[in-house]
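Per the UniProt record's numbering, numbering through the sequence shown is continuous, rising by one, with the last residue being 176.
All C-beta atoms, glycine included, are put in the ideal place defined by N, C-alpha and C.
Keep in mind that this is a model prediction, so the values were computed, not measured.
Notes to accompany the following structure.
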Amino acid sequence: MEALGLERPIIVGCSMGGNQVLELGSRRPGFYAGIVSCEGADYTPTVSPFFLEMLLLNAAQILECWSQSLTGVRTPPDRAREVVWQITRVAPEYARGDLVGYAGFDKRDVVGQITSPVLLLRGDSDWLVPQSMVEETSSRIPGSRIAVLSGTGHYPMIENPVEFNQAIRDFAESLS
1 MEALGLERPI IVGCSMGGNQ VLELGSRRPG FYAGIVSCEG ADYTPTVSPF
51 FLEMLLLNAA QILECWSQSL TGVRTPPDRA REVVWQITRV APEYARGDLV
101 GYAGFDKRDV VGQITSPVLL LRGDSDWLVP QSMVEETSSR IPGSRIAVLS
151 GTGHYPMIEN PVEFNQAIRD FAESLS
């Protein structure tokens, strides 16, 4: 970020990226003006080994159904198709590797070091990162806030871009 000349940026990540921005914040306390973790948490436990095995056997169908199930009840059909299209473009081996890494993520012991303002943003239709997981994460990050997008699933920036952008804009404006 220094190479880009960014001073006190706000970082945003979704899903695995939502986890990663929390890790970045714990590694560099106070460096970021703000941190937005969308559909992320400090602890994302295991993904079923059976599911991971099935990915290698029939990834197209598995990923299509899985990504569709993670969209929210208010997601317009064209946005749901976009989610499915983006997720099914990933090679099965990469999808499996990503999920293994996601499932092994545990930074509960370090997120308390974050001193930047944190927004934990989630869609209330996301079964992969439930409200309880976000609340547990929030309890370990002093001063963190939670915002919930109604009828939105695991991919809020695709499913509900207007409300997603507004939530981030409101957070950013609250920092100044």
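Extent of the continuous beta strand (DSSP E) run through Leu57: Per DSSP, Leu57 belongs to no beta strand (DSSP E); it is in the alpha helix (DSSP H), 49-69.
Can you check which of these residues, Val100, Ile114, Ile87, Ala3, is closest to Leu24 by C-alpha distance? Ile114
Tell me the rounded alpha-carbon separation between Arg122 and Ala3. 31 Å
What residues match up with Val12 in a beta bridge as DSSP calls it? Val36
Would Glu136 and Leu149 be called neighbours here (beta carbons separated by less than 8 Å)? no
Taking DSSP as the reference, what is the three-state secondary structure of Ala172? helix
By DSSP's criteria, Tyr102 is part of a beta bridge. Which residues make up the other side? None; Tyr102 has no bridge partner.
Taking the beta strand (DSSP E) that Val148 belongs to, which residues open and close that run? 145-149
Work out the CA separation of Pro142 and Leu175 for me, nearest whole Å. 16 Å
Excluding sequence positions up to five away, which residues of its chain have a Cβ less than 8 Å from the Cβ of Arg8? Phe31, Tyr32, Ala33
From Asp170 to Ser125, what distance separates their C-alpha atoms? 22 Å
Buried or exposed, going by whether 16 or more other CB atoms sit within 10 Å of the CB of Leu56? exposed
My output table needs one value for Arg74: the three-state DSSP class, helix, strand or coil. coil
If we count the other Cβ atoms within 10 Å of its Cβ and call it buried at 16 or more, is Tyr155 buried or exposed? buried
Going by CA-CA distance only, name the one from Ile168, Arg145, Asn160, Leu119 that's closest to Arg79. Asn160
Exposed or buried, what is Leu119 when buried is set at 16 or more other beta-carbons lying within 10 Å of its beta-carbon? buried
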